[in-house]
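Trainee:
Number of protein chains: 4
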Amino acid sequence: MSIRAIVWGENVHEAKSRIVADLYPDGMHGCISAALNEDAGISATTAVLQEPEHGLTPERLAETDVLVWWGHAAHGDVADAVVERVCSAVWGGMGVIFLHSAHFAKPFKRLMGTPCNLSWREAGERERIWLTSRQHPIARGLPDHFELEHEEMYGEPFGVPEPMETVFVSWFQGGEVFRSGLTWRRGAGKVFYFRPGHETYPTYFDPNVRQVLRNAVHWAHNPEPRIMSPDAAPNVPVTEALEPLTERGPRLHRDGESGYR
Amino acid sequence: MSIRAIVWGENVHEAKSRIVADLYPDGMHGCISAALNEDAGISATTAVLQEPEHGLTPERLAETDVLVWWGHAAHGDVADAVVERVCSAVWGGMGVIFLHSAHFAKPFKRLMGTPCNLSWREAGERERIWLTSRQHPIARGLPDHFELEHEEMYGEPFGVPEPMETVFVSWFQGGEVFRSGLTWRRGAGKVFYFRPGHETYPTYFDPNVRQVLRNAVHWAHNPEPRIMSPDAAPNVPVTEALEPLTERGPRLHRDGESGYR
Amino acid sequence: MSIRAIVWGENVHEAKSRIVADLYPDGMHGCISAALNEDAGISATTAVLQEPEHGLTPERLAETDVLVWWGHAAHGDVADAVVERVCSAVWGGMGVIFLHSAHFAKPFKRLMGTPCNLSWREAGERERIWLTSRQHPIARGLPDHFELEHEEMYGEPFGVPEPMETVFVSWFQGGEVFRSGLTWRRGAGKVFYFRPGHETYPTYFDPNVRQVLRNAVHWAHNPEPRIMSPDAAPNVPVTEALEPLTERGPRLHRDGESGYR
Amino acid sequence: MSIRAIVWGENVHEAKSRIVADLYPDGMHGCISAALNEDAGISATTAVLQEPEHGLTPERLAETDVLVWWGHAAHGDVADAVVERVCSAVWGGMGVIFLHSAHFAKPFKRLMGTPCNLSWREAGERERIWLTSRQHPIARGLPDHFELEHEEMYGEPFGVPEPMETVFVSWFQGGEVFRSGLTWRRGAGKVFYFRPGHETYPTYFDPNVRQVLRNAVHWAHNPEPRIMSPDAAPNVPVTEALEPLTERGPRLHRDGESGYR
Chain A
1 MSIRAIVWGE NVHEAKSRIV ADLYPDGMHG CISAALNEDA GISATTAVLQ EPEHGLTPER
61 LAETDVLVWW GHAAHGDVAD AVVERVCSAV WGGMGVIFLH SAHFAKPFKR LMGTPCNLSW
121 REAGERERIW LTSRQHPIAR GLPDHFELEH EEMYGEPFGV PEPMETVFVS WFQGGEVFRS
181 GLTWRRGAGK VFYFRPGHET YPTYFDPNVR QVLRNAVHWA HNPEPRIMSP DAAPNVPVTE
241 ALEPLTERGP RLHRDGESGY R
Chain B
1001 MSIRAIVWGE NVHEAKSRIV ADLYPDGMHG CISAALNEDA GISATTAVLQ EPEHGLTPER
1061 LAETDVLVWW GHAAHGDVAD AVVERVCSAV WGGMGVIFLH SAHFAKPFKR LMGTPCNLSW
1121 REAGERERIW LTSRQHPIAR GLPDHFELEH EEMYGEPFGV PEPMETVFVS WFQGGEVFRS
1181 GLTWRRGAGK VFYFRPGHET YPTYFDPNVR QVLRNAVHWA HNPEPRIMSP DAAPNVPVTE
1241 ALEPLTERGP RLHRDGESGY R
Chain C
2001 MSIRAIVWGE NVHEAKSRIV ADLYPDGMHG CISAALNEDA GISATTAVLQ EPEHGLTPER
2061 LAETDVLVWW GHAAHGDVAD AVVERVCSAV WGGMGVIFLH SAHFAKPFKR LMGTPCNLSW
2121 REAGERERIW LTSRQHPIAR GLPDHFELEH EEMYGEPFGV PEPMETVFVS WFQGGEVFRS
2181 GLTWRRGAGK VFYFRPGHET YPTYFDPNVR QVLRNAVHWA HNPEPRIMSP DAAPNVPVTE
2241 ALEPLTERGP RLHRDGESGY R
Chain D
3001 MSIRAIVWGE NVHEAKSRIV ADLYPDGMHG CISAALNEDA GISATTAVLQ EPEHGLTPER
3061 LAETDVLVWW GHAAHGDVAD AVVERVCSAV WGGMGVIFLH SAHFAKPFKR LMGTPCNLSW
3121 REAGERERIW LTSRQHPIAR GLPDHFELEH EEMYGEPFGV PEPMETVFVS WFQGGEVFRS
3181 GLTWRRGAGK VFYFRPGHET YPTYFDPNVR QVLRNAVHWA HNPEPRIMSP DAAPNVPVTE
3241 ALEPLTERGP RLHRDGESGY R
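These protein sequence lines are chains A, B, C and D, in that order. If you use my numbering, the first sequence corresponds to residues 1 to 261, in order. If you use my numbering, the second sequence corresponds to residues 1001 to 1261, in order. If you use my numbering, the third sequence corresponds to residues 2001 to 2261, in order. If you use my numbering, the fourth sequence corresponds to residues 3001 to 3261, in order.
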């Protein structure tokens, strides 16, 4: 069975910027989704900010293996309830991939627990992406480095927690570097951040970038059953202790009472 | 100069539970603060939920090196603005130590990016705390294991991100285990979670526990200057690029414009 | 195509100890190999210390996806050349799983870079293994905890580097704990250590243990091509630099010269 | 009391290369040692390959807090017994800093458990070192980036395990990047790798580099007592179990017998 992916697009620049509309006539989400569907093992659909619940209803997330997120101009318009729902799905096992300016997306900041800030420059300069973790599944089929002739610069320090793995580091023509491919695990869900993808350049048509996206969907997919209550904190009664146990001393909670939150 | 610590106490059980009031006549925060002040290198004060802004004004946090947090019954009463302020101070370099039931404290969940859940049992059972990282600064002067005769049980799986270091793992009489001392870094701030400390037991009078608390304050202290805007995302103009750079291709932002958030 | 696994057995106790011979008439390696072959996706064979080159020729390792290692009494008899060969295969992408007393196996110590020591007691006590990383592929199909009624105790501190992930932590009847399932990556190869498996108990017949072994083989398998020279340090001539570059200043090496090792 | 550091120098190029001898008339080790001694909190001496036991006797290591290692042309001449002695001191708590071409030094490879390889080019090109971990103790007093006008290039992939922290990443004029400041912990000892320092350039006279070296010595210093037998694996007799325990089932070892290694 193929991996069920949603490509979530903010879909704002596509309507407001002629440059972006011309580059991505099917929307950036449409372009990314098409890249994923080139892989027979992935079945990708799209969702956008403007849909009810941003297209991310509980029912739909329950049937999604990996969510890919691109946002920029309208991070603040994403409803907090949807952010919590997305994070809960990740904790329960849904994979998630944040692209480029989604470093400031609400669910990314929520999952990281840090500001996720960086420095930036929009000059259409050359970016060269270096592999730092050979034969990593996210780098499948890629050379040790590849170039994007026109990209926005993102510079260190990048305000994220130490990653589980550093997969890519970028070189920029103007003199900066950036850890452009990083992995984390949050609960049962795998998280990948991938830097390239400024909206005024044709980055998501680049064959190497498209390969990374497909690889990342495979990597992020957790085939185990989704945990439906990933924040449950069950009480274990004394009578059900695994080793013989006699209650001693005072206690605060009465039998059957829930813990505080 | 000594390390400036605040011990933040929820201060609810002390007023409502006779058991807790008798055990901790100066409040749990008072007891913990006294433990810290036994170290000439630490200068500890207290703050409680009931104070204006929970005693954590911007001015006070700016003069705090390490914050120690105990909460349980009233996590939900902590104002979100104070939570963000605390997290921002951590990202800027303030150390923070979360104790026991503070696994569900808002700032801990915010910094971790995960549910921080666990299983639990209140039976006054024996806990034995094992050191897993020899000669770690947080374990200074401690034996390879020590016991608390009466504690609440917390059991795995503990819903936190993989730590930077696992310092302690607990054994429980009833058959469970728990990673009871874990470290992370979030921005410039160091974070330590330490499990023991149920309010109905005299845990914070235990000499080994008090030693851990003092050690952890020293470990969490970052003597570098506090970053005042830890979420800044500065634009680097093309004219100030470190390497000669000519702008190419289209762009979205005008000169001097801020980035989106 | 199924995953090609070798179960390497020291095969010493089987010949010298009646207890072990009776428990494992096909050898411990035979029992483990049979556990793996219950999975149609794995094709497991065995190799033992007593074979020429311990059964681990370059040709055979080149055709092996995952190596499973059990050793105890004869760690010192493993030839250093074979140890380097095994490690080189791991760096190139071969997965490797070290079981129980293989914490002191030469290739494990070589890959970890630490002493890999621990405390121990042979008393046939109860071990309870707790899952610390929900829905981790190595825990596929397992409950949150399972028991082995008779096992050797291993106690913390365990002298290994901080792992990439802690998957299991064990509780022991006599009062100790142990991080009993840990993962690392070394080069392109994935490494898993799994604690249970003392030779005088029927541990490798336990259904949960067998499930862990099969899961771990799947997890450790890197389907990417093996890197044949994982220690190559190529010179990049100035004339082949990716950006225009003019040589400046003095140098030590002449054109075409190899680097020092 | 000041931190006792040894700067270990291979001291080969100084004798064979006029360029190096002119740049570093006191030896590279002498220059680095002088940089450390500018800090009143550090007391640095030197040791070289050509001394008996390479100047690293057990007595001297026992009185050393942090060892700084530079080697290049003669890695193979370092005696294996000294390598094991150095690693054992690290496991017991001695800090260690490996500089530049010491990526191929025997003790570094031994502590990492990987090939530690990279790509390289000797062209005197510009290196710009970016800070990736703000307010990290190793970056104390440094700007967010600094430049070395002439350096050897080292390029990714760098064959080391995922670090505990990435502190610096380098940009090279010729188009490469490199994770040039990485930390690990091995046993009780802290390990730092710092990339710059090719022998034909005056790198160790650079004020920022010297600052990093001093900072790193402070960071690597573990003030806890040295563990003298960091590979001990003690047996815990049944009669000394922390919880009441009755021996059950067969065992392999007799009372008082040591474990296998």
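We put the beta carbon where it would ideally sit given N, CA and C, even for glycine. Every value quoted in this text rests on a predicted model; they were computed, and no experiment measured them.
Could you tell me which chain C residues have their CB closer than 7 Å to the CB of Arg-1195/B, listed as they occur along the chain?
Mentor: In chain order: nothing, as chain C lies at least about 13 Å away.
Trainee: Do Leu-36/A and Ala-5/A have their CB atoms nearer than 7 Å?
Mentor: A contact, by the Cβ cut-off of 7 Å.
Trainee: Considering Glu-1994/C, what are the terminal residues of the alpha helix (DSSP H) in which it resides?
Mentor: Only positions 2001 to 2261 of chain C appear in this structure, which leaves residue 1994/C out of reach.
Trainee: Give a yes or no on whether 7 Å exceeds the smallest Cβ distance from Glu-2165/C to chain B.
Mentor: So yes, Glu-2165/C belongs to the interface.
Trainee: Of the choices Arg-3186/D, Gly-3124/D and Arg-3179/D, whose alpha-carbon is the least far from that of Gly-2249/C?
Mentor: Selected option, being the one with the closest Cα: Gly-3124/D.
Trainee: Output, in chain order, the set of chain D residues within a Cβ distance shorter than 8 Å of Gly-1093/B.
Mentor: Those are Gln-3135, listed as they occur along chain D.
Trainee: As a quick exercise: from Met-28/A, Ala-81/A, Glu-38/A and Ser-119/A, pick the residue whose alpha carbon is nearest that of Glu-53/A.
Mentor: Nearest option by C-alpha distance: Ala-81/A.
Trainee: In the DSSP assignment, find the unbroken beta strand (DSSP E) run with Met-3153/D in it and report its ends.
Mentor: First-last of the beta strand (DSSP E) with Met-3153/D: 3145-3155.
Trainee: Rounded to a whole number of angstroms, what is the C-alpha to C-alpha distance between Leu-131/A and Val-169/A?
Mentor: Leu-131/A and Val-169/A: Cα-Cα distance of roughly 7 Å.
Trainee: With DSSP run on the structure shown, which of helix, strand or coil describes Val-217/A?
Mentor: Helix at Val-217/A.
Trainee: What's the gap between the Cα of Met-112/A and the Cα of Pro-161/A?
Mentor: Those two C-alpha atoms are separated by around 7 Å.
Trainee: Quick one: grab the DSSP three-state call for Gly-2259/C.
Mentor: Three-state result, Gly-2259/C: coil.
Trainee: Bridge partners of Leu-3210/D, per DSSP?
Mentor: First, the residue type needs correcting, since residue 3210/D is Arg and not Leu in the sequence shown. According to DSSP, Arg-3210/D bridges with nothing at all.
Trainee: Run the CB neighbour count on Pro-2196/C, radius 10 Å, all protein chains shown included, and call it buried at 16 or more, exposed below.
Mentor: By the neighbour-count rule (16 or more Cβ atoms within 10 Å), Pro-2196/C is buried.
Trainee: Which term fits Phe-205/A, buried or exposed, when burial requires 16 or more other beta carbons within 10 angstroms of its beta carbon?
Mentor: Exposed: under 16 other Cβ atoms inside 10 Å.
Trainee: Less than 8 Å between C-beta atoms, sequence neighbours within five positions excluded: which residues of the same chain meet that for Thr-3064/D?
Mentor: Contacts found: Arg-3004, Ala-3005, Ile-3006, Ala-3089 and Met-3094.
Trainee: Checking contacts by CB at 7 Å: is Glu-224/A closer than that to chain C?
Mentor: Judged by the 7 Å Cβ criterion, Glu-224/A is in contact with chain C.
Trainee: Specify the secondary structure class of Tyr-193/A as computed by DSSP and reduced to three states.
Mentor: Of the three classes helix, strand and coil, the one that applies to Tyr-193/A here is strand, per DSSP.
Trainee: Looking only at its own chain, which residues have a Cβ that is under 7 Å from the Cβ of His-1145/B, when we skip the five neighbours before and after it?
Mentor: Excluding sequence neighbours, His-1145/B sits near Arg-1128, Ile-1129, Trp-1130 and Leu-1131.
Trainee: Using a Cβ-Cβ cutoff of less than 7 Å, which residues in the same chain neighbour His-1266/B once the five nearest sequence positions on both sides are dropped?
Mentor: In the structure as shown, chain B starts at 1001 and stops at 1261, and residue 1266/B therefore has no counterpart that could be examined.
Trainee: Taking contact to mean at least 3 C-beta pairs separated by less than 8 Å, is the region 1010-1028 of chain B in contact with the region 1162-1182 of chain B?
Mentor: Output reads no: the region 1162-1182 of chain B does not touch the region 1010-1028 of chain B.
Trainee: Near Phe-3158/D, which residues of its chain fall below 7 Å by C-beta distance, leaving aside the five closest residues on each side in sequence?
Mentor: Same-chain partners within the cutoff: Leu-3118, Phe-3178 and Arg-3179.
Trainee: To which residues of the same chain is Ala-2228/C closer than 8 Å at the C-beta, ignoring the five residues directly before and after it?
Mentor: Inspection of the sequence shows that residue 2228/C is occupied by Met rather than by Ala. Contacts found: Gly-2092.
Trainee: Using the Cβ count rule (16 or more neighbours within 10 Å means buried), how would you classify Ser-1033/B?
Mentor: That one is buried.
Trainee: Taking the straight line between their C-alpha atoms, what separation do you get for Ala-3105/D and Phe-3194/D?
Mentor: When rounded, the distance between both Cα atoms is 13 Å.
Trainee: Which residues in the same chain have their Cβ closer than 8 Å to the Cβ of Asp-231/A, if we skip the five residues on either side of it in sequence?
Mentor: Closer than 8 Å at the Cβ level, and outside the excluded window around Asp-231/A, lie Ser-88 and Trp-91.
Trainee: At a CB-CB cut-off below 7 Å, which residues of chain D make contact with Ala-1188/B?
Mentor: Chain D residues near Ala-1188/B: Arg-3134 and Gln-3135.
Trainee: Grab me the residues of Cys-3116/D's own chain with a C-beta within less than 8 Å of its C-beta, minus the 5 sequence neighbours each way, in chain order.
Mentor: Closer than 8 Å at Cβ, skipping near neighbours: His-3103, Phe-3104, Phe-3108, Lys-3109, Phe-3158, Gly-3159 and Val-3160.
Trainee: Using the rule of at least 16 other Cβ atoms within 10 Å of the residue's Cβ for burial, across every protein chain shown, is Lys-2016/C buried or exposed?
Mentor: Lys-2016/C should be labelled exposed.
Trainee: Once DSSP output is grouped into helix, strand and coil, what is the label at Ala-233/A?
Mentor: In the structure shown, Ala-233/A sits in coil (DSSP, three-state: anything other than H, G, I, E or B).
Trainee: In chain A, which residues lie with their C-beta within 8 Å of the C-beta of Arg-2254/C?
Mentor: None at all; the shortest Cβ gap to chain A is about 25 Å.
Trainee: Unbroken alpha helix (DSSP H) runs of length 4 or more, entirely within the region 39-101 of chain A: which are they?
Mentor: Segments of the alpha helix (DSSP H) lying fully in the region 39-101 of chain A: 58-62 and 80-92.
Trainee: Only counting the same chain, and skipping five residues up and downstream in sequence, which positions put a Cβ closer than 8 Å to that of Trp-1120/B?
Mentor: Contacts found: Glu-1152, Met-1153, Tyr-1154 and Gly-1155.
Trainee: Spell out the partners DSSP gives Ile-2129/C in its beta bridges.
Mentor: Looking at the DSSP assignment, Ile-2129/C forms a beta bridge with Phe-2146/C and Ser-2170/C.
Trainee: If the criterion is Cβ atoms closer than 7 Å, does the pair Val-1217/B and Ile-1019/B meet it?
Mentor: No, they are not a contact pair.
Trainee: Determine the contact status of Met-1028/B and Gly-1009/B, defining contact as a CB-CB distance below 7 Å.
Mentor: Yes.
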